[in-house]
Amino acid sequence: MTRVLVVEDEPGLRRALAINLRARQYEVAVAADGASALAAASRQPPDVVVLDLGLPDMDGTEVIAGLRGWSRAPIIVLSARAGEPDKVVALDAGADDYVTKPFGMDELLARLRAALRRSATAQDAPVVATEAFTVDLAAKTVKDRSGEPVRLTPTEWHLLEVLVRNQGKLVAHRQLLNEVWGPRYETENHYLRVYVAQLRRKLEADPSRPRHLITEPGIGYRFVVA
Ligand code: CA
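Everything in the sequence shown is counted per this note's numbering, starting at 61 for the first residue and increasing by one.
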């Protein structure tokens with residue numbers, strides 16, 4: 061059984077989430093604040109976490125930071141704040157996806173299934189194939205559709221690797237800059253524009269209409285297989 065930890069201080073929503081998840085055969089643990097969420101997670105490590113950002117005792121991003129210290133379980137953030145900065149902060153802290161309140165239960169369940177699929181794929185499949193190119197994360201090679209090696213600079217490879225390892229997931233500008241160039245470069249968004257454009261020229265069938273290296277305007281980039 062897949063274990064879901066639901067962290068939500070609003071009793072009605074917490075109950076609705078638990079009922080819906082249990083009806084779909086998930087094992088559900090609930091917490092009403094950040095401290096009990098972290099305690100529950102360390103007692104019984106969850107496979108996936110649904111986390112409200114606005115909690116009574118601490119900010120949801122602090123819960124993300126606390127979990128990310130030891131857990132790779134996907135975290136889906138519930139945010140009542142429609143503004144972009146909160147989502148970016150949550151993604152930077154290590155959240156995998158977000159759903160804006162009010163949301164439909166079907167949408168949340170679909171996001172949850174997708175996050176679980178991605179975390180399974182990321183662990184099991186070091187070779188990721190699109191119709192235009194194939195990335196072998198273990199061998200650190202890229203081949204085009206006819207099987208010819210594609211030459212990438214070390215920086216291009218590193219950027220591609222981070223995106224492919226986070227397959228399907230939105231990776232924020234800051235996280236990419238931090239992982240590829242280092243913490244002092246976290247605001248140098250133009251590096252990303254330049255290097256993503258280079259990767260698209262080398263990898264995408266039509267670089268002006270990328271199908272795999274996708275821009276999420278104002279937030280970051282996402283690698284998708286199709
Ligand atoms: Ca709340």
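Ideal Cβ positions, reconstructed from N, Cα and C, are used throughout, including at glycine.
Predicted model only: the values in this text are computed from it and were never measured.
Nearest-angstrom beta carbon gap, L223 and F283 [assumed within contact, 8 Å]: By one-based count along the sequence shown, residue 283 stands at place 223. By one-based count along the sequence shown, residue 223 stands at place 163. With 8 Å as the limit, F283 and L223 qualify as a contact, their Cβ atoms being about 4 Å apart.
Out of Y255, K229 and V231, which one is the CA nearest neighbour of T215? Along the sequence shown, one-based indexing puts residue 215 at 155. Considering only alpha carbons, the answer is Y255.
For ligand 1, is there any heavy atom lying closer than 7 Å to the beta carbon of G114? As a working mapping, residue 114 is identified with position 54 in the sequence shown. Yes.
Taking only heavy atoms of ligand 1 into account, decide whether any of them is closer than 7 Å to the Cβ of E70. Here the question's residue 70 lines up with position 10 in the sequence shown. Yes, ligand 1 has a heavy atom inside 7 Å of this Cβ.
Please name the residue in L151, Y86 and I136 whose C-alpha comes closest to that of E276. Numbered from 1 along the sequence shown, position 216 holds the residue referred to as residue 276. The shortest Cα separation from E276 among L151, Y86 and I136 belongs to L151.
Hey, A91 and A100 are a contact pair by Cβ (cut 8 Å); roughly how many whole angstroms apart? Looking up residue 91 in the sequence shown gives position 31. Looking up residue 100 in the sequence shown gives position 40. Taking 8 Å as the upper bound for CB-CB distance, A91 and A100 are in contact here, some 5 Å apart.
Less than 8 Å between the CB atoms is what I'm expecting for V187 and Q227, so what's the real figure, rounded? For the purposes of this step, residue 187 is taken as the residue at position 127 of the sequence shown. For the purposes of this step, residue 227 is taken as the residue at position 167 of the sequence shown. Rounded, the Cβ-Cβ distance is 12 Å, inconsistent with contact.
Cα separation between L263 and V195? Mapped onto the sequence shown, residue 263 falls at position 203. Mapped onto the sequence shown, residue 195 falls at position 135. Roughly 10 Å separates the two Cα atoms.
In this structure, what does DSSP give as the bridge partners for A91? Along the sequence shown, one-based indexing puts residue 91 at 31. Beta-bridge pairing links A91 to V67.
Integer Cβ distance of M118 from G94, believed to fall under 8 Å: Looking up residue 118 in the sequence shown gives position 58. Looking up residue 94 in the sequence shown gives position 34. Confirmed, Cβ separation roughly 4 Å.
Environment of P162 [buried if 16+ CB atoms lie within 10 Å]: Sequence index remark: in the sequence shown, residue 162 carries index 102 (1-based). P162 is exposed by the Cβ-count criterion.
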